[in-house]
Amino acid sequence: MSGAVYTVGQVNQYIKSLMDGDKVLGGLMIRGELSNYKMYPSGHHYFSLKDGEGAIRCVMFRREASTLRFRPQNGMQVVAFGRVTVFPRDGQYQLYCSQLSPDGLGALHLAFEACKEKLYREGLFDPAHKKPIPRYPGRIALITSAAGAAVRDMLRILKARWPMSQVYVLPVRVQGSEAPAEIAAALRWANRYQVADLIITGRGGGSMEDLWCFNDEGVARAIYDSEIPVISAVGHEPDVTIADFVADLRAATPSNAAELAVPDQSEVSAGLMQLQRRMHRAMARQLESAQNRLRNLSQRRVLTDPMAPIQDKRMLLDFQRERLTGAMTRRVAGEKERLASLAAGLDAMSPLKVLGRGYAVARKEDGTVIRSHTAVAPGDGLRLTVSDGVIDCRVSRCEERSQTHGRAKTEL
Numbered sequence: 002m003s004g005a006v007y008t009v010g011q012v013n014q015y016i017k018s019l020m021d022g023d024k025v026l027g028g029l030m031i032r033g034e035l036s037n038y039k040m041y042p043s044g045h046h047y048f049s050l051k052d053g054e055g056a057i058r059c060v061m062f063r064r065e066a067s068t069l070r071f072r073p074q075n076g077m078q079v080v081a082f083g084r085v086t087v088f089p090r091d092g093q094y095q096l097y098c099s100q101l102s103p104d105g106l107g108a109l110h111l112a113f114e115a116c117k118e119k120l121y122r123e124g125l126f127d128p129a130h131k132k133p134i135p136r137y138p139g140r141i142a143l144i145t146s147a148a149g150a151a152v153r154d155m156l157r158i159l160k161a162r163w164p165m166s167q168v169y170v171l172p173v174r175v176q177g178s179e180a181p182a183e184i185a186a187a188l189r190w191a192n193r194y195q196v197a198d199l200i201i202t203g204r205g206g207g208s209m210e211d212l213w214c215f216n217d218e219g220v221a222r223a224i225y226d227s228e229i230p231v232i233s234a235v236g237h238e239p240d241v242t243i244a245d246f247v248a249d250l251r252a253a254t255p256s257n258a259a260e261l262a263v264p265d266q267s268e269v270s271a272g273l274m275q276l277q278r279r280m281h282r283a284m285a286r287q288l289e290s291a292q293n294r295l296r297n298l299s300q301r302r303v304l305t306d307p308m309a310p311i312q313d314k315r316m317l318l319d320f321q322r323e324r325l326t327g328a329m330t331r332r333v334a335g336e337k338e339r340l341a342s343l344a345a346g347l348d349a350m351s352p353l354k355v356l357g358r359g360y361a362v363a364r365k366e367d368g369t370v371i372r373s374h375t376a377v378a379p380g381d382g383l384r385l386t387v388s389d390g391v392i393d394c395r396v397s398r399c400e401e402r403s404q405t406h407g408r409a410k411t412e413l
């Protein structure tokens with residue numbers, strides 16, 4: 002023996018990964034007889050499906066089991082849909098059932114639910130992928146039967162509501178085994194050559210078998226891949242198909258699809274008339290406002306008497322000049338008074354005035370004013386300035402003035 006050694010869990014997990022990657026095992030419909038059916042308190046259902054050749058273990062979890070519309074019983078023939086994989090803990094493979102219906106009563110319904118669940122998980126129903134329907138489509142392609150009543154109804158309504166659109170009929174079969182391929186091919190052809198701004202695909206009412214081509218996965222993917230917006234118009238209002246979930250817009254009937262595809266020309270005309278009336282009223286209000294403004298401007302004094310503003314400015318200039326002249330006069334008078342006051346004070350402090358009252362200014366011969374008896378010595382020459390002249394003298398003695406009186410004696 003040689004090679005790696007694996008654990009049991011690793012082997013079981015490897016087998017599980019292989020089975021999970023198998024597309025066939027990822028979505029199987031199995032017919033068989035219910036056996037050992039048990040419902041646990043957790044809400045999960047465990048049972049086996051068997052026939053004359055074998056049996057397979059099955060589990061249906063609480064969320065899926067809550068959608069059952071019948072009571073399963075042992076021995077009942079049913080059709081189950083789900084995926085087959087391995088439960089790693091015990092290494093046994095089993096069917097994880099998501100849909101269960103009595104055999105012969107809901108096979109088509111089960112297939113419908115299985116396809117819907119698959120495409121939903123892939124995101125084909127996501128509203129984020131929905132394209133807006135053009136408001137005024139110039140070209141419309143009808144992918145439907147050319148011989149049915151539905152196409153006649155749509156053509157009649159489209160012509161009555163919006164005759165400006167060009168309508169192209171891409172005839173296909175809408176019933177039978179070859180219908181899905183024709184519908185999908187027509188959708189791809191319309192996109193390849195961009196023959197229209199909008200596509201309507203569908204047919205009139207019928208049984209679930211009659212409408213089954215619009216539950217086909219290929220048709221659903223062709224609608225999803227369409228760059229041109231698609232309106233699904235299948236059957237009557239209660240009828241729901243996979244195409245309705247994938248299309249950009251679902252119509253209850255083909256006639257309703259034609260109504261949703263284009264606006265009503267009478268309503269558009271009425272809307273335009275209303276806009277025209279609103280525009281006329283708005284223009285009338287604007288014109289009236291402009292006339293009132295012109296009338297007000299024409300009555301202004303600047304237009305009736307052009308010289309009036311100049312006269313007003315002249316009067317204002319005279320008034321300002323008078324104010325300025327008065328202010329300057331008052332300012333000059335005040336400055337004159339201030340000057341006279343300062344001159345009087347200066348005159349009162351003049352040395353000549355002091356000398357006129359009998360005082361004298363003593364200076365040394367070099368012109369230095371003597372302010373203290375210590376500034377001179379006996380024998381120094383002095384010049385005394387009096388009010389009417391100068392006296393030369395000489396110091397004979399210096400004394401400090403006593404508190405009562407004292408004199409510095411000089412000799413003339």
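Under the numbering used here, the residues of the sequence shown are numbered 2 to 413, in order. Note that the Cβ used here is the ideal one computed from N, Cα and C, for glycine as well. As the structure is a prediction and not an experimental result, all values here were calculated from the model.
- Annotation for residue 78: the continuous beta strand (DSSP E) segment containing it runs 78-88.
- In the structure shown, the three-state DSSP call for residue 198 is coil.
- Under the three-state reduction of DSSP output, residue 252 falls in the strand class.
- Residue 201 and residue 178 have their C-alpha atoms spaced approximately 21 Å apart.
- Between residue 144 and residue 182, the CB-CB gap reaches or exceeds 9 Å.
- If you draw a straight line from the Cα of residue 172 to the Cα of residue 127, it is about 29 Å long.
- Residue 386 holds the alpha-carbon nearest to the alpha-carbon of residue 363 among 16, 386, 216, 251.
- For residue 343, the number of other beta carbons within 10 angstroms of its own is below 16, and it is reported as exposed.
- Where residue 219 is concerned, the enclosing alpha helix (DSSP H) starts and stops at 218-226.
- Under DSSP, residue 102 shares a beta bridge with 80.
- One thing to note: residue 47 has its Cβ within 9 Å of the Cβ of residue 59.
- Taken atom to atom, the span from the alpha-carbon of residue 185 to that of residue 220 is near 5 Å.
- Cα atoms of residue 204 and residue 129: separation of roughly 27 Å, rounded to the nearest angstrom.
- Shown here, residue 95 sits in a strand according to DSSP, grouped into three states.
- For the pair residue 113 and residue 243, the CB atoms are nearer than the 9 Å cut-off.
- Minimum Cα-Cα distance from residue 163 among the listed residues 136, 233, 176 corresponds to 136.
- Note that the C-beta distance between residue 250 and residue 232 is below 9 Å.
- By the neighbour-count definition (other C-beta atoms within 10 Å, threshold 16), residue 320 is an exposed residue.
- When DSSP states are grouped into helix, strand and coil, residue 386 belongs to the strand group.
- Annotated three-state conformation of residue 184 is helix, per DSSP.
- It is roughly 19 Å from the alpha-carbon of residue 371 to the alpha-carbon of residue 351.
- Following the DSSP letters along the chain, one finds residue 16 inside the alpha helix (DSSP H) bounded by residues 9-21.
- Between residue 94 and residue 209, the beta carbon gap of about 33 Å keeps them out of contact (Cβ cut-off 8 Å).
- Note on residue 65: 16 or more other CB atoms within 10 angstroms of its CB, so buried under the neighbour-count rule.
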